[in-house]
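Reviewing the structure listed below.
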Amino acid sequence: MNNIYKNISRIEDFFYTLLYGKVSNNIYPNNLPISIDKSWKEIVVIDAGAAIRDMDAYGFGTILIYLYAKPLDNGIKDVGTMNVMETALVECINSSTHPHYVVRRGGTYSDYDEGRNLHCNIYEINLTIV
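Just so we're aligned: the sequence shown equals residues 1 to 130 in the numbering used here.
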């Protein structure tokens, strides 16, 4: 296997390409942007910062996908927007046919970013690099 597929930037690009336009058009590697456009309803962050283990013949790691949604006007989580993003994410994962990246859904968590007033669902994606 060519080791370039274990590069974090290549992995981020794979997930960006896999998710862009399907889960959101607002996708960022590693962190939320400093300023968030008020017109955006949702944002996706691809966190490939955990270790990508190199086992010579293959690699593996866990990628976290953060799905952020602005709350409704009354402050409640916008479960409609979140459901659309989650459904699209699962469909992207299930339909991925990349020859070097095998993706599989792991755990799912919910969170709230109080400083930015954003609700968040976090997906663990198990990545095997062949």
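Glycine residues also receive a C-beta, built at the ideal position from the N, C-alpha and C atoms.
Given the structure is predicted, the values throughout are model-derived calculations rather than measurements.
query: Cβ-Cβ separation, LEU89 to ILE11 (assumed contact under 8 Å), whole Å; result: In fact, because the Cβ distance is near 16 Å, the residues do not count as touching under 8 Å.
query: Straight-line Cα distance separating PRO71 from ILE43; result: 12 Å
query: Status (buried if at least 16 other CB within 10 Å, exposed otherwise) for TYR121; result: Correcting the residue type first, residue 121 is Asn in the shown sequence and not Tyr. ASN121 should be labelled buried.
query: Delimiting residues of the alpha helix (DSSP H) encompassing GLY49; result: Looking at the DSSP string, GLY49 is not in any alpha helix (DSSP H), and its letter there is neither H nor E.
query: Three-way DSSP call (helix, strand, coil) for GLU124 in this model; result: strand
query: DSSP bridge partner residues for PHE60 (one or two, in chain order); result: ARG53, THR128
query: Contacts around LEU18, its chain only, beta-carbon distance under 7 Å, and the 5 residues preceding and following it disregarded; result: CYS92, SER96
query: Per-residue burial, MET85 [other beta carbons within 10 Å of its own, 16 or more giving buried]; result: buried
query: Cα-Cα separation between LYS55 and GLU114, rounded to whole angstroms; result: The sequence shown places Met at residue 55, rather than the Lys named in the question. Cα to Cα, the separation comes out at about 39 Å.
query: Length of the line joining the Cα atoms of TYR66 and VAL102; result: 19 Å
query: Alpha-carbon spacing of ILE52 relative to PHE60, whole angstroms; result: 6 Å
query: Three-state secondary structure (DSSP) of ILE8; result: helix
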